[in-house]
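S.K.: In the working numbering, the protein residues as written are 14 to 796. The beta carbon of each residue, even a glycine, is placed where N, CA and C say it ideally should be. Remember, it's a predicted structure, so these values are computed and weren't measured experimentally. First the structure, which I've put down as structure tokens, then a few questions once you've had a look.
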């Protein structure tokens with residue numbers, strides 16, 4: 014106990030992720046330990062505390078709020094002031110109160126904690142094998158919240174009345190389930206059932222689990238309802254079933270993620286570093302891209318050397334893999350140790366998350382549906398990360414991360430940025446915080462656009478924010494641009510558009526807290542509408558103290574793209590464009606000249622010769638596609654960036670690179686020498702893997718040369734690497750190493766993806782900056 018001293022009373026306000034994480038019980042226990050009196054509670058924006066006692070004890074309370082909060086809490090600010098004494102007899106938790114205009118931060122969904130897993134497997138515990146076990150330190154959060162402040166009636170658990178024992182735990186300050194809003198048990202919690210051949214099985218949990226396990230062992234596909242939506246699950250060791258799932262889902266090649274029983278099973282299918290193990294087992298439980306050991310069937314990730322692995326993150330997942338109570342041996346029950354767990358939707362459609370929608374849209378894809386009656390308020394797909402430079406490289410930021418905000422440099426107008434056309438997210442800013450949605454996917458279908466609108470309504474309601482500004486991409490044909498135009502007109506708010514690659518650079522600066530600094534951004538991706546109305550994608554952009562402005566200071570040499578979007582789906586068209594740009598009329602010995610239809614090759618060559626049906630591009634993403642075709646890796650694709658991903662995988666297998674040269678001249682990365690070297694290498698029978706690695710190295714070397722010269726000319730010492738091409742860890746590693754050797758500080762993505770999944774954050778930042786600048790210029794006022 015601390016020494017007694019003068020008695021004071023302090024009013025303390027704690028802001029951050031402090032609801033749904035056991036913060037009030039933590040304050041109650043800490044106050045009791047320090048022998049303080051008073052109270053604490055929630056409002057929409059904070060946890061408020063009034064504590065009375067010796068000054069040193071109050072100082073210790075404030076210290077612990079900063080440095081010893083509950084595991085899932087994120088503390089942004091702790092404000093304290095001295096107030097008049099009231100002489101409370103005890104310390105208690107009081108009812109939530111309303112503070113108009115204030116909103117708290119919402120915790121992401123969290124994987125089942127070690128304490129709950131221990132109870133789940135303990136026959137003596139009353140929650141033994143309870144599929145919905147959770148506590149203050151784990152379980153669903155974001156996906157069950159309907160309104161704030163975060164109390165049970167404002168969640169989808171509000172329809173479940175706590176039994177007497179759960180209520181006792183909920184009220185007990187010494188229980189880790191005190192104020193755990195999703196608290197439940199076998200007696201009062203959600204129920205699960207299986208629907209098979211239009212027949213609902215509603216027997217006890219073990220009957221349902223046993224049947225699901227049997228179906229999966231027998232080669233069936235089962236839809237499994239999780240915390241943020243449905244998965245399509247099947248045995249990852251059954252090639253015939255995986256092929257059947259691909260056929261039903263209309264997904265011929267795109268890799269499937271797998272879920273393994275535990276970390277030991279994950280080590281059987283993939284090589285796992287210490288950093289990867291930490292990523293797999295963290296509370297967010299993302300899908301982690303790992304080097305494959307080659308033991309899974311090839312149909313899981315065709316043409317790739319990596320596999321996306323995640324661990325069970327709900328008790329229901331754990332029970333799927335576990336033997337039944339009456340099993341005689343592990344071999345006689347439980348699922349196979351590795352399951353395909355892919356998103357519950359058809360290709361290009363939004364994720365299914367309601368029971369009725371699953372029955373309507375998934376019934377033709379699966380043999381049975383594993384349902385439960387805890388509703389999902391906010392759909393949220395699985396997150397995906399790679400491991401690079403000892404840390405996570407986000408590929409898809411969703412469950413486990415959303416909706417944690419990126420803190421901006423200051424307040425501004427409430428801004429809604431609608432993102433891109435693929436890998437879509439949107440971003441809503443309020444005060445000094447930017448909230449990015451979970452992954453929404455491609456916006457090409459009507460269903461996706463409807464889901465997008467519903468997600469925007471959910472986020473704005475949850476944050477209590479009415480957009481004052483809408484921001485979209487400059488591409489006139491994006492469905493998100495059209496949606497933004499309609500929304501702005503209907504709600505009478507201004508609309509701004511932001512150039513695609515400018516938004517990429519701004520998103521990187523925002524996540525690093527470097528807004529207002531001079532940075533040279535390298536934005537490499539597949540497609541972005543350029544300021545000159547051509548297709549950009551290989552850009553050097555200079556951004557200064559005003560993030561609302563940028564200057565293009567370098568780029569990839571433009572080349573003609575035959576057929577526009579048809580070239581995106583057919584990399585051999587890009588290869589023919591590269592040959593034409595390099596002055597190679599007909600390259601004998603290339604696989605594409607033999608494999609691809611000669612009449613279509615002739616059409617493309619005629620278009621390139623006449624310019625009819627061609628668009629100019631500086632896209633590094635398309636360069637990767639064309640090189641993949643030149644090397645015979647991939648001539649047509651069935652999913653975005655397939656050719657580039659397979660080219661990277663091939664490069665990782667090389668024993669050594671074949672030396673290639675990419676020349677730099679007049680602020681441009683030139684194509685001719687590089688393409689000629691590649692063709693010569695193929696015709697000479699050089700290693701395809703060596704050529705693939707040589708291409709990565711040549712591009713990195715030339716880019717570093719151009720960046721170094723440009724940075725020196727403009728007095729810049731910090732470089733940012735952004736855009737979907739920088740999900741390629743071979744290129745990212747080569748280029749980052751060269752730039753660091755050159756004395757430059759290099760920023761890469763760690764919180765939002767480099768691809769279009771991070772674009773909305775940059776749109777919001779640029780839009781806010783321009784909006785405030787226009788306001789200043791018009792009125793003379795300052796912000």
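(1) Straight-line CA distance for residue 289 to residue 268?
(2) Tell me, which residues are paired with residue 24 by DSSP?
(3) So, helix, strand or coil for residue 725, using DSSP?
(4) If I measure Cβ to Cβ from residue 367 and keep anything under 8 Å in the same chain, skipping five residues before and after, which residues do I get?
(5) Going by the DSSP bridge assignment, what does residue 436 pair with across the sheet?
(6) Ignore the nearest five residues each way along the sequence and tell me which others in residue 594's own chain have a CB closer than 8 Å to its CB.
(7) Confirm, please, whether the CB-CB distance from residue 375 to residue 243 is below 8 Å.
(8) Report yes or no: do three or more beta-carbon pairs, one from the segment 442 to 460 and one from the segment 416 to 428, lie closer than 8 Å?
(9) Which word fits residue 276, buried or exposed, when buried means at least 16 other C-beta atoms lie within 10 angstroms of its C-beta?
(10) Applying the 10 Å Cβ sphere with the 16-neighbour rule, what's the burial state of residue 796?
(11) Does DSSP put residue 146 in a helix, a strand or coil?
(12) Compare the C-alpha of residue 193 against each of 209, 157, 227, 215 and name the closest.
(13) Could you tell me which of 202, 361, 118 sits nearest to residue 653, measuring between CA atoms?
(14) Closer than 6 Å by C-beta to residue 525: which residues in its own chain qualify, once you throw out the five before and the five after it? Chain order, please.
(15) Taking residue 10 as part of the beta strand (DSSP E), name the residues at either end of that continuous run.
(16) Taking 8 Å as the cut-off, does the segment 697 to 706 touch the segment 490 to 505 (at least 3 CB pairs, one atom from each stretch)?
(17) Check for me: the beta strand (DSSP E) holding residue 399 runs from which residue to which?
(18) When you compare each of 101, 400, 666 to residue 745 by their alpha carbons, which one comes out closest?
(19) Per the DSSP calculation, residue 383 is bridged to which residue(s)?
(20) Tell me the DSSP secondary structure of residue 678 in three-state form.
(21) Work out the CA separation of residue 725 and residue 719 for me, nearest whole Å.
(22) Given a cut-off of 8 Å, decide if residue 777 and residue 474 are closer than it, judged by their beta-carbon atoms.
(23) Please state the DSSP three-state secondary structure of residue 532.
(24) Can you give the beta carbon distance from residue 43 to residue 74, rounded, assuming they're within the 8 Å contact cut?
(25) What is the residue span of the beta strand (DSSP E) that residue 575 lies within?
(26) Rounded to whole angstroms, what's the CA-CA distance from residue 295 to residue 262? Just pull it up for me.
(27) Can you check whether the CB of residue 769 is closer than 8 Å to the CB of residue 238?
(28) So what's residue 32 in DSSP terms, helix, strand or just coil?
(29) Which stretch, first to last residue, makes up the beta strand (DSSP E) that contains residue 550?
(30) How would you label residue 342, buried or exposed, when you count the other beta carbons within 10 angstroms and need 16 or more for buried?
(31) Short of 7 Å in beta carbon distance, which residues of its chain neighbour residue 646, apart from the five on each side in sequence? Order them along the chain.
(32) At a cut of 8 Å, does the segment 550 to 558 reach the segment 602 to 617 through at least three beta carbon pairs?
(33) Alpha carbon to alpha carbon, how far is residue 359 from residue 674?
(34) If I follow the unbroken alpha helix (DSSP H) through residue 487, where does it start and stop?
(35) Give the single residue among 731, 432, 627 whose Cα lies nearest to the Cα of residue 586.
(36) By the DSSP assignment, the beta strand (DSSP E) with residue 754 in it spans what residues?
M.R.: Working from what's here:
(1) Cα atoms of residue 289 and residue 268: separation of roughly 19 Å, rounded to the nearest angstrom.
(2) 63, 94
(3) helix
(4) 388, 389
(5) Bridge partners of residue 436: none, in fact.
(6) 570, 572, 573, 684, 685, 688
(7) yes
(8) yes
(9) exposed
(10) Per-residue confidence for residue 796 stands at a pLDDT of 36, beneath the threshold of 50, marking its modelled position as unreliable; the derived number appears in the next sentence. Residue 796 is exposed by the Cβ-count criterion.
(11) In this structure, DSSP gives residue 146 a state outside helix and strand, which the three-state scheme calls coil.
(12) 157
(13) 361
(14) 760
(15) The requested residue 10 is not part of the displayed model; the chain covers only 14 to 796.
(16) no
(17) 397 to 401
(18) 400
(19) 207, 237
(20) Three-state result, residue 678: strand.
(21) 10 Å
(22) no
(23) strand
(24) 6 Å
(25) 572 to 575
(26) 30 Å
(27) No. Outside cutoff.
(28) strand
(29) In this chain, the beta strand (DSSP E) harbouring residue 550 covers 548 to 556.
(30) With a pLDDT of only 49 at residue 342, under the threshold of 50, the placement of this residue in the model should not be trusted; the figure read from the coordinates follows. Classification of residue 342: exposed, given that the 10 Å Cβ count is below 16.
(31) 656, 659, 660, 663
(32) In this structure the segment 550 to 558 does not touch the segment 602 to 617; the number of beta carbon pairs closer than 8 Å is below three.
(33) Computed Cα separation, rounded: 43 Å.
(34) First-last for residue 487: undefined, no H or E at that position.
(35) 627
(36) Element bounds for residue 754: not the beta strand (DSSP E) but the alpha helix (DSSP H), 742 to 754.
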